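In the numbering used here, the protein residues as written are 22 to 306.
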Ligand SMILES: [Fe+2]
């Protein structure tokens with residue numbers, strides 16, 4: 022399945038963006054056959070210029086909110102869903118109703134609607150520097166698009182290219198977002214026996230999406246540019262090590278440049294200085 026992208030650095034170079042796109046197209050070549058393959062290749066060829074640079078989300082602490090993030094997410098979920106498919110199969114789950122092609126088809130297209138419609142992007146770079154810096158909102162939704170869920174748009178795009186899917190593929194692609202999508206509740210919280218899912222592929226896809234998304238989010242959390250020091254919070258020893266290194270660095274600088282040692286440093290605290298200044302200006306003389 023090629024090299025994993027999970028946990029990779031958050032900003033991709035142009036060559037990596039091209040490389041990931043090529044990997045995606047190679048998976049289409051290797052997985053599908055006949056008319057479906059030809060139609061998929063046509064669709065990806067049409068979307069190439071926009072698709073390869075699309076992010077996977079709008080905000081830096083969601084996941085992959087950078088150019089090329091969408092394709093990375095798709096490669097990751099394909100990787101995770103194939104692994105989970107094998108775990109389910111080896112653990113005794115019923116998997117005779119689908120195979121790797123179905124797993125890959127759903128993983129590959131569950132977020133297709135994030136590419137926008139046939140002519141316009143869904144995510145546009147956020148022109149508000151304040152929102153980018155202060156709230157991590159790197160992209161904004163294109164207001165000109167008709168509103169529809171990402172999944173509905175995915176199915177619509179596939180329909181525009183005449184790309185067919187089985188009922189099981191439709192259900193799995195449709196339910197990949199699990200209960201995060203209100204419209205899925207009726208499928209996943211069913212009580213009547215005839216409303217229960219007859220196939221487990223949607224569950225595998227949802228697990229794979231959660232897994233890929235979480236690991237991508239963690240590359241933001243532990244990548245050195247997060248607003249919250251996750252690594253220090255979750256691993257106090259890292260914090261201690263960092264503080265120790267900073268202390269040693271400071272000692273070295275003092276030694277090197279002959280800065281005053283701690284005992285020579287004036288001991289008046291800033292609050293004391295402020296108090297003196299206040300008394301000087303406004304105190305009773
Ligand atoms: Fe996803």
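Where a beta carbon is used, it is the ideal one built from N, C-alpha and C, also for glycine. A quick note: this is a predicted structure, and the numbers were derived from the prediction, not measured.
Where does the unbroken beta strand (DSSP E) through residue i begin, and where does it stop?
| i | result |
| --- | --- |
| residue 162 | 160-162 |
| residue 145 | 144-146 |
Below 7 Å CB to CB, which residues in the same chain sit around residue i once its five sequence neighbours on both sides are set aside?
| i | result |
| --- | --- |
| residue 38 | 73, 74, 88 and 89 |
| residue 139 | 181 |
| residue 53 | 61 and 122 |
| residue 200 | 206 and 209 |
| residue 242 | 251 |
| residue 183 | 60 |
| residue 166 | 137, 138, 141 and 143 |
Please go through the same chain and pick out, in chain order, the residues whose beta-carbon is closer than 8 Å to the beta-carbon of residue i, but skip the five residues on each side of it.
| i | result |
| --- | --- |
| residue 173 | 134 |
| residue 159 | 76, 79, 80, 81, 86, 87, 146, 147 and 153 |
Does the distance between the C-beta of residue i and the nearest non-hydrogen atom of ligand 1 fall short of 8 Å?
| i | result |
| --- | --- |
| residue 197 | yes |
| residue 230 | yes |
| residue 193 | no |
| residue 98 | yes |
| residue 234 | yes |
| residue 86 | no |
| residue 173 | no |
| residue 75 | no |
| residue 94 | yes |
| residue 142 | no |
| residue 132 | yes |
From what residue to what residue does the alpha helix (DSSP H) around residue i run?
| i | result |
| --- | --- |
| residue 257 | 257-278 |
| residue 91 | 90-111 |
| residue 65 | 55-72 |
| residue 307 | Examination of residue 307 is not possible in this model, given that the chain is present from 22 through 306 alone. |
| residue 115 | Per DSSP, residue 115 belongs to no alpha helix (DSSP H) and is neither H nor E. |
| residue 156 | 150-156 |
Using a Cβ-Cβ cut-off of 6 Å (strictly less than) and excluding sequence neighbours within five positions of residue i, which residues of its own chain qualify?
| i | result |
| --- | --- |
| residue 126 | 190 |
| residue 29 | Unreliable placement is indicated for residue 29, whose pLDDT of 49 sits below 50; the coordinate value is still reported in the next sentence. Counting only Cβ-Cβ distances below 6 Å, and skipping sequence neighbours, we find nothing. |
| residue 119 | 189 and 222 |
| residue 157 | 80, 81 and 82 |
| residue 193 | 127, 222, 223 and 226 |
Entirely enclosed alpha helix (DSSP H) segments - the region 181-246, minimum 4 residues: 188-195, 206-209 and 222-242
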